[in-house]
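Quick notes on the structure that follows.
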Amino acid sequence: MKLRFHGDSLRLRLSQAEVARLAETGRVKDTLTFARGQTLSYSLEMGAVMAAAFDGRRISIVIPVAAAKHWMESDEAGIEGASGPVKLLIEKDFRCLHSREEDADAFPNPLAGNSG
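Per our numbering, the sequence shown starts with residue 238, numbered consecutively.
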């Protein structure tokens with residue numbers, strides 16, 4: 238799961254395997270280790286309403302179950318919402334149009350077949 242920040246917005250990009258895990262278990266999480274004992278964990282789970290929380294070590298994002306299921310089962314690229322001042326965007330991670338090893342589990346890019 239890729240985590241990106243820009244101002245007051247937070248974006249998560251999920252691979253196909255992560256979307257499948259979210260569908261199966263209702264939750265995906267990852268951890269960034271800066272040094273021993275210094276980590277930042279982040280998770281995405283399905284729940285009642287869109288929400289984001291940060292406790293100093295963990296970022297927790299919740300997306301509504303119905304919206305999550307529709308997104309996972311459709312061709313829609315993402316889900317947008319907000320939690321207070323934080324804008325949220327949850328996206329399927331599409332392959333780059335130029336080949337990269339880290340894209341092995343990414344979703345096929347819908348623009349890959351287009352010439353323009």
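Quick reminder that beta carbons are idealized off the backbone N, C-alpha and C, glycines included.
- LYS324 and ASP267 do not touch by the CB rule: their CB atoms are close to 20 Å apart, not below 8 Å.
- Rounded to whole angstroms, the separation of the alpha carbons of MET309 and PHE331 is 14 Å.
- Cβ neighbours of SER320 within its own chain (closer than 7 Å, five residues either side excluded): MET287, ALA288, ALA289.
- Leaving aside the five residues that flank ALA285 on each side, the residues in its chain whose CB is nearer than 8 Å to its CB run, in chain order, VAL299, PRO301, VAL302.
- Counting the other Cβ atoms within 10 Å of the Cβ of ALA305 gives 16 or more, which makes it buried.
- Here the C-alpha atom of ARG241 lies approximately 10 Å from the C-alpha atom of ILE327.
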